[in-house]
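*Asks:* Protein sequence lines, in the order shown, are assigned to chains A and B.
Residue 79 in this note's numbering sits at position 79 of the first sequence, and the numbers go up by one each step.
Residue 1538 in this note's numbering sits at position 538 of the second sequence, and the numbers go up by one each step.
Ideal Cβ placement from N, Cα and C applies to all residues, glycine included.
All values derive from a computational prediction rather than experimental measurement.
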Amino acid sequence: MIPAEFEYQAPKTLDEALRALGRHGDEAKILAGGHSLLPMMKLRLASPRYVVDIGRIRGMDYIREERDKIAIGALVTHAQVTTSELLRAKCPLLPETASEIGDMQVRNRGTIGGSIAHADPAADYPASILALDAEMVVQSSSGKRTIPAADFFVDLLTTQIRPGEILTEVRVPVKRAGEGTAYKKFHQPASGFAIVGAAARVIASKAGQIEDVALGMTGVGSKAYRATAVEKSLRGKTASESLIAEACGKAAQGIDPLADIFASAEYRREMASVFARRAIISALEKAMGRASSPSKGAAPGKTK
Amino acid sequence: MAKDTNGYNIIGKPMAMTDARAKVTGLGKYADDLSVPGMLIGKILHSPHAHARIRSIDTSQAEALAGVKVTATGEDARNPYGILPIGHDERAFALGKALYIGDNIAAVAATTPEVAERALDLIRVDYEQLPGWFDPEESMKASSNWINEERPQNIEKEYHHVFGDPEKGFGEADFIAEERYYAGEVNQAAMEPHATLAVWEPDNRLTVHSSTQVPFYLHRTIAAVCEMPMSQIRVIKPLIGGGFGGKSEIIPLEVAACVLAKKARKPVKITYTREEVFLAHRGRPITIVYLKVGLSRAGKITAVQARVIQDGGAYCGYGPVTVLYSGALLGAIYDIANVQYDGFRVLTNKPACGAMRGHGTVNVRFAFESILDQLSHQAGLDPLEVRRRNLLKAPCITANSLRVTSYGLPECIEKVFERSGWAEKKGNLPYGKGVGMACSHYVSGAANPIIRSNMPHTTVHIKIDRDAAVTVYTGASEIGQGSDTMQVQIAAEILGVSTDRIKLVAADTELTPIDLGSYSSRVTFMAGNACLNAAKDMRDQIVAAVARKFGCAADDFEVKDGRISHKSDAGKSLSFDEAVTVALEFHGALVARGTYAPPETARGGKFKGAGVGPSPAYSYSAQVAEVTVDPETGQVRVDKIVAAHDCGKALNPLTVEGQIEGSVYMGFGQALQEDMIWKDGRLMNPSLLEYRIPATKENPEIESIIVESIDPEGPFGAKEAGEGSLAATIPAIANAIFDAVGVRINSTPITPDKILDALREKQKLASGNGANAANKPVAAGGRL
Chain A
1 MIPAEFEYQA PKTLDEALRA LGRHGDEAKI LAGGHSLLPM MKLRLASPRY
51 VVDIGRIRGM DYIREERDKI AIGALVTHAQ VTTSELLRAK CPLLPETASE
101 IGDMQVRNRG TIGGSIAHAD PAADYPASIL ALDAEMVVQS SSGKRTIPAA
151 DFFVDLLTTQ IRPGEILTEV RVPVKRAGEG TAYKKFHQPA SGFAIVGAAA
201 RVIASKAGQI EDVALGMTGV GSKAYRATAV EKSLRGKTAS ESLIAEACGK
251 AAQGIDPLAD IFASAEYRRE MASVFARRAI ISALEKAMGR ASSPSKGAAP
301 GKTK
Chain B
1001 MAKDTNGYNI IGKPMAMTDA RAKVTGLGKY ADDLSVPGML IGKILHSPHA
1051 HARIRSIDTS QAEALAGVKV TATGEDARNP YGILPIGHDE RAFALGKALY
1101 IGDNIAAVAA TTPEVAERAL DLIRVDYEQL PGWFDPEESM KASSNWINEE
1151 RPQNIEKEYH HVFGDPEKGF GEADFIAEER YYAGEVNQAA MEPHATLAVW
1201 EPDNRLTVHS STQVPFYLHR TIAAVCEMPM SQIRVIKPLI GGGFGGKSEI
1251 IPLEVAACVL AKKARKPVKI TYTREEVFLA HRGRPITIVY LKVGLSRAGK
1301 ITAVQARVIQ DGGAYCGYGP VTVLYSGALL GAIYDIANVQ YDGFRVLTNK
1351 PACGAMRGHG TVNVRFAFES ILDQLSHQAG LDPLEVRRRN LLKAPCITAN
1401 SLRVTSYGLP ECIEKVFERS GWAEKKGNLP YGKGVGMACS HYVSGAANPI
1451 IRSNMPHTTV HIKIDRDAAV TVYTGASEIG QGSDTMQVQI AAEILGVSTD
1501 RIKLVAADTE LTPIDLGSYS SRVTFMAGNA CLNAAKDMRD QIVAAVARKF
1551 GCAADDFEVK DGRISHKSDA GKSLSFDEAV TVALEFHGAL VARGTYAPPE
1601 TARGGKFKGA GVGPSPAYSY SAQVAEVTVD PETGQVRVDK IVAAHDCGKA
1651 LNPLTVEGQI EGSVYMGFGQ ALQEDMIWKD GRLMNPSLLE YRIPATKENP
1701 EIESIIVESI DPEGPFGAKE AGEGSLAATI PAIANAIFDA VGVRINSTPI
1751 TPDKILDALR EKQKLASGNG ANAANKPVAA GGRL
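1) Taking residue 1483 of chain B as the reference, which of B:1493, B:1102, B:1518 has the closest Cα?
2) Checking contacts by CB at 8 angstroms: is residue 15 of chain A closer than that to chain B?
3) Can you check whether the C-beta of residue 274 of chain A is within less than 8 angstroms of a C-beta belonging to chain B?
4) Considering only DSSP beta bridges, list what residue 1623 of chain B is partnered with.
5) Do we get a CB-CB distance below 8 angstroms when we pair residue 271 of chain A with the residues of chain B?
6) Leaving out five residues on either side along the sequence, give the residues of the same chain with a beta carbon under 6 angstroms from the beta carbon of residue 1350 of chain B.
7) Below 6 angstroms CB to CB, which residues in the same chain sit around residue 1315 of chain B once its five sequence neighbours on both sides are set aside?
8) Quick check on DSSP: helix, strand or coil for residue 1091 of chain B?
9) Out of curiosity, what's the CA-to-CA distance linking residue 1782 of chain B and residue 198 of chain A?
10) Of all the options B:1036, B:1336, B:1278, B:1105, which has the alpha carbon lying nearest to the alpha carbon of residue 1173 of chain B?
11) Beta-carbon within less than 8 angstroms of residue 268 of chain A's beta-carbon, same chain only, minus the 5 sequence neighbours each way: which residues are those?
12) Below 9 angstroms on C-beta distance, what does residue 280 of chain A contact in chain B?
13) Would you kindly check if the distance between the Cβ of residue 1207 of chain B and the Cβ of residue 1403 of chain B is under 8 angstroms?
14) Helix, strand or coil: which one does DSSP assign to residue 1132 of chain B?
15) Suppose contacts are defined by Cβ-Cβ distances below 8 angstroms. Is residue 1392 of chain B in contact with residue 1407 of chain B by that definition?
16) Output, in chain order, the set of chain B residues within a Cβ distance shorter than 8 angstroms of residue 267 of chain A.
17) Listed from N- to C-terminal order along the chain, which residues in the stretch 1680-1697 of chain B have their beta-carbon within a distance smaller than 8 angstroms of any beta-carbon of chain A?
18) Just confirm the distance between the C-beta atoms of residue 1440 of chain B and residue 1724 of chain B, as a whole number of angstroms; I'd bet it's less than 8 angstroms.
19) Could you spell out the range, first to last residue, of the alpha helix (DSSP H) harbouring residue 1327 of chain B?
20) State the start and end residues of the unbroken alpha helix (DSSP H) segment that holds residue 113 of chain A.
21) DSSP three-state label for residue 216 of chain A, please.
22) By a C-beta neighbour count over all protein chains shown, 10 Å radius and 16 as the cutoff for buried, is residue 1426 of chain B buried or exposed?
23) Kindly list the residues whose CB is nearer than 8 angstroms to the CB of residue 109 of chain A, restricted to its own chain and excluding five residues on each side of it in sequence; keep chain order.
24) Please classify residue 41 of chain A: is it buried, with 16 or more other beta-carbons within 10 angstroms of its beta-carbon, or exposed?
25) In angstroms, rounded to a whole number, what distance separates the CA positions of residue 1635 of chain B and residue 1673 of chain B?
26) Classify residue 1620 of chain B as buried or exposed, calling it buried when 16 or more other Cβ atoms lie within 10 Å of its own Cβ.
27) In chain order, what residues of the same chain lie with their CB nearer than 6 angstroms to the CB of residue 212 of chain A, ignoring the 5 residues before and after it?
28) Can you name, in chain order, every residue of its own chain whose Cβ lies under 6 angstroms from the Cβ of residue 1637 of chain B, other than the five neighbours on each side?
29) What residues in its chain sit with their C-beta under 8 angstroms from that of residue 205 of chain A, if we drop five residues either side in the sequence?
30) Compute the distance between the beta-carbons of residue 1592 of chain B and residue 1556 of chain B, then report whether it is under 8 angstroms.
31) Would you mind stating whether residue 1237 of chain B and residue 1252 of chain B have Cβ atoms separated by less than 8 angstroms?
32) Identify each residue in the stretch 1630-1659 of chain B for which the Cβ-Cβ distance to at least one residue of chain A is less than 9 angstroms, and report them in chain order.
33) Rounded to a whole number of angstroms, what is the C-alpha to C-alpha distance between residue 1618 of chain B and residue 266 of chain A?
34) Does the beta-carbon of residue 1528 of chain B have 16 or more other beta-carbons within 10 angstroms, so that it is buried, or is it exposed?
35) Take residue 235 of chain A and list the residues in its own chain whose beta-carbon comes closer than 7 angstroms to its own, dropping the five residues that flank it on each side.
36) Applying a beta-carbon distance threshold of less than 8 angstroms, which residues of chain A neighbour residue 1117 of chain B?
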């Protein structure tokens, strides 16, 4: 389909962009990589009067270490995240997550800021952003504020960002000693979105004593969330297969799972447990300093 | 030029397609790339209701919009049409009733697409909604509110065939299996959406450029709908970006563009959106198969009974042919004496289904090869061995009067047996991994034309003039399958020249003789034979002229290595160019002709419905799929498919392999992912974002094996290669899933949730019996 008519603006600086947003209020939508907004406009699910393309603003595609945080400019593409040596060394969960997004074309064009601000319930980043306790920096013509991940996602396609504000930076913590992370995903075969995505961050001793655990889930409900019931069941415990399996049974506790033509609510709930467990085990193994076991596929010792 | 073992210079050697450069560089012109001065853009208004009476249509506001040239409704073109003579139930635009969400109600032609879109919003239609029929098994019980008043109980057509003595056959069976199979609906999803440019010419003729597999049928239909003589209409097929049967009948936009062009007296182009491609559809119907098969302890199939219900959508289309193919090719791949077939083509308020790749055979093959696997296990026999024990002894006539002249299936089976490592793998892989096998077959063109006549099915002309270029004029439609290249190869081989000497003019009703079209895999066999005959005619004319010049008999000469030479007198030899000059001196421009019509003996039996299924030759395929199933999620990964296809003779091994791979991919898509999802007649996934065509990353590795049975009547022994391999892929995967995790999924697509449900059901049964605990799927991984 053809999108409804709109006015296109391409500011060259952040200030220009903020002024444009200030003028148009909620009649404007921000375009970055275009991978979320344009399909919605073509389907006429969104018909903004103004499209403010921030893609030409220079200096918003940095990845840099700032004390114990890594600051990522909102225009950094998924491909840049995937290949960043800094992130791979100091926050490997993010590159692992980014590498699972869509396909090569999407990763080359789509941006971290665009994806997070869009808050698609099946997007990959939100799970990891939550598990990492990341911070989102937003700016408007009246100033700058920082929103913690736990508060950021409000509902389906809705965040704390207000009209007139632009998400300019994402800040993630540098990996601690004894920390392991993993992102496990069930891909929707056509779109590549997550039917279920589980991002786990585990801090544990070599013996498997779990000091802390964070589990971000995406694809399951109307927004990404922290599976606090799972976390509570594991925190302070010594890891075992059965403990993790039992805990991960609560991965969708209190969540009203989405249902669509690909996966029913019941199936999503079940997959939430499976992928939560796989993510936790993988993260734990890394935390304990073990190589990830080839647990996918055939189970050993079963006969037909 | 190097010759192969058969002495051919060109035949049997891989050759890039003649249009490859144009396609790869993007310079080739598809219908939507065409543009002429003054061209208008057409858009179609589709019904928002699945079943509704149309009380009135008001186009006045749309017509008043600046930039709108004309509008059209059902009143502008009342003549009905349809691909089958027995199914003329479509019109340019709905008259009286809308029969599905997406049915064609009206159209506009305007100066820009934006104006045309806006104009559609201004057309006022007053509908009276009627209850809709969406489930075929419910629809066929309808006592009133029929979709088409001339089709009582919403049954488009039913056929009942009995061959041999099925009752006796079941009596002789040691094992009988009875199952219900369900195949979801799939669309061709060709890369190129349909497009038509209809040009009203200054002399009141009409030139139609359209994305069609059947320019000749389009030509006839436009003449009937627009009430113009065929002589005033020219149909040209440009490059086609894939057909797969989705362009093998008349598609509504083709008619709409012509009606608008005639009314506006201007050129009009319509291009479908992807959503409209799904709504025009003509894909593979939802098919329900109730199948019963008997097997003896020795592994011989004793009887087959099938009741097949196809959900055809709101119009006839190819429907009766589809349901007849399902019956005709159900058992004819094996030696089965006793077959009962009851086939029903049912109308529902959904887009019309059509002749998708593997027409009519795919869903019944899924059922048949699945039940055969099941019966083999019941009997404690290797399913591959069971196939070996049920082979035809060709040449032969099958129980339903199909003439089989060449039969490479035994070799296909042996090839995949060896190359897949079947003997080591079957039943021996760890839990979660498995192999499965299945066979399939297909026609090399229909022996009986859609419109009965005594005319050839295809004619090819070849012309040579003073530039010594060899021009082949063929009506056959290149749709990406290699039709053009195949004819270039044949003409070059026979005339002893290189392929770049051959020019090919194809599928233009003003320039080329008629070919019935690119459907039912008929082109290589039929147009190939016509081209072969035309090239031989040309060769004979040239040789005769050379012989006459030397005062010898034509029989004394042979065409060899680009020369026409006396067999025993080396001094009497001319190059091709010299020979052409000699022939031109005698005749002026040289013109040759070749035709093809299937022999009487290939045309099948005499019973009602016997006309569909007969073919001059059949292709065969055997496949082994190897899969990994994740028992926790139900996800299936197809690791490899080994596919052997008997195409008679691979004229161009490169394109044959491409066709085998394409067929397997398409079968793989239907097996695991592709499904049109309906809710009260509304398609829930009319986009490629939600309708899941397999992409490179999930496509399995394919090993293609060409088997050459050398058919006695095919051109150089060739048969079809483009469709026959598709059907085996689906049951091969289903059977491999059974081998991997022990559950049978009898409905496609085989989605993860179906596998998980079946595993759970199996676990419940196992624990209920308190037995076979080893069989139950348990979470992966040991202690940490």
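*Replies:* Put simply:
1) Of B:1493, B:1102, B:1518, the residue nearest in Cα terms is B:1518.
2) When Cβ-Cβ separations below 8 angstroms define contact, residue 15 of chain A makes no contact with chain B.
3) With a threshold of 8 angstroms between beta carbons, residue 274 of chain A makes contact with chain B.
4) For residue 1623 of chain B, the beta-bridge partners assigned by DSSP are B:1438, B:1643.
5) Yes, contact with chain B.
6) For residue 1350 of chain B, the CB contacts under 6 angstroms within the same chain, skipping 5 residues up- and downstream, are 1100, 1313, 1681 in chain order.
7) In its chain, beyond the 5 residues on either side, 1089, 1090, 1352 have a beta carbon closer than 6 angstroms to the beta carbon of residue 1315 of chain B.
8) Here DSSP, grouped into helix, strand and coil, assigns residue 1091 of chain B to coil.
9) Residue placement at residue 1782 of chain B is poorly supported in this model, since its pLDDT is 32, which falls under 50; the coordinates are not used for a value here.
10) Residue nearest to residue 1173 of chain B within the set B:1036, B:1336, B:1278, B:1105 is B:1336 (criterion: CA-CA distance).
11) Excluding residues within five positions, the ones whose Cβ falls inside 8 angstroms are 195, 196, 219, 220, 252, 257, 258, 259.
12) The premise fails here: residue 280 of chain A is roughly 11 angstroms from chain B at the closest Cβ pair, so nothing lies under 9 angstroms.
13) Cβ atoms of residue 1403 of chain B and residue 1207 of chain B: not closer than 8 angstroms.
14) Shown here, residue 1132 of chain B sits in coil according to DSSP, grouped into three states, outside any helix or strand.
15) In this structure, the beta-carbon distance from residue 1392 of chain B to residue 1407 of chain B falls below 8 angstroms.
16) Under the 8 angstroms cutoff, chain B gives 1752, 1753, 1756.
17) Listed by position, the residues of the stretch 1680-1697 of chain B near chain A (Cβ gap below 8 angstroms) are 1684, 1685, 1688, 1689, 1690, 1691, 1692, 1693, 1694, 1695, 1697.
18) Contact holds; Cβ gap of about 6 angstroms.
19) Residue range 1319-1328 is occupied by the alpha helix (DSSP H) that includes residue 1327 of chain B.
20) Judged by DSSP secondary structure, residue 113 of chain A falls within the alpha helix (DSSP H) whose first and last residues are 112-118.
21) Of the three classes helix, strand and coil, the one that applies to residue 216 of chain A here is strand, per DSSP.
22) Classification for residue 1426 of chain B: buried.
23) Contacts found: 33, 34, 35, 77.
24) Under the 10 Å beta carbon count, residue 41 of chain A is surrounded by 16 or more other beta carbons and is classified as buried.
25) Roughly 11 angstroms separates the two Cα atoms.
26) Buried, by the Cβ-count rule.
27) Take residue 212 of chain A, set aside five residues on each side of it, and the residues of its chain with a beta-carbon closer than 6 angstroms to its own are 203, in chain order.
28) Answer for residue 1637 of chain B: 1628, listed in chain order.
29) Contacts found: 178, 211, 288.
30) Not closer than 8 angstroms, so no.
31) Cβ distance not < 8 angstroms, so residue 1237 of chain B and residue 1252 of chain B don't count as in contact.
32) Answer set for the stretch 1630-1659 of chain B: 1630, 1631, 1632, 1633, 1634, 1635, 1637.
33) Computed Cα separation, rounded: 46 angstroms.
34) Buried is the call here.
35) The answer, listed in chain order, is 210, 212, 213.
36) Under the 8 angstroms cutoff, chain A gives 2.
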